[in-house]
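For the sequence shown, position 5 matches number 7 in my numbering, and the numbering has no gaps at all.
Glycine included, C-beta positions come from ideal geometry on N, C-alpha and C.
One structure below.
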Amino acid sequence: MKVYQVEGIRHHAVVFAETPDEAVTQAVEKNLVGDWEMPQDTEVPLPKDYRIIYDPQHESL
Numbered sequence: 003m004k005v006y007q008v009e010g011i012r013h014h015a016v017v018f019a020e021t022p023d024e025a026v027t028q029a030v031e032k033n034l035v036g037d038w039e040m041p042q043d044t045e046v047p048l049p050k051d052y053r054i055i056y057d058p059q060h061e062s063l
């Protein structure tokens, strides 16, 4: 699991995903960024010694 910033023309979102394509797809499907905005993804590096623990039961809608 990685952190991606998905940037569009007007909107920006931070998404947890495995791949850049998955990050853009999630941002568009959740209406965080419009598909008309030509979304671009950028991986956000975690600080040294940090890790992500993913628990789908605590995922917000």
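Helix, strand or coil at residue i according to DSSP, with G and I counted as helix
i, result
"residue 31", "helix"
"residue 51", "coil"
"residue 43", "strand"
"residue 57", "coil"
Residue i: first and last residue of the uninterrupted beta strand (DSSP E) it sits in
i, result
"residue 14", "14-19"
"residue 9", "4-9"
Nearest-angstrom Cβ-Cβ length linking residue i and residue j, presumed shorter than 8 Å
i, j, result
"residue 9", "residue 41", "7 Å"
"residue 7", "residue 14", "7 Å"
Span separating the alpha-carbon of residue i from that of residue j
i, j, result
"residue 27", "residue 11", "16 Å"
"residue 4", "residue 25", "9 Å"
"residue 35", "residue 59", "24 Å"
"residue 30", "residue 51", "31 Å"
From the options, residue whose alpha carbon lies closest to that of residue i
i, options, result
"residue 21", "35, 44, 54", "44"
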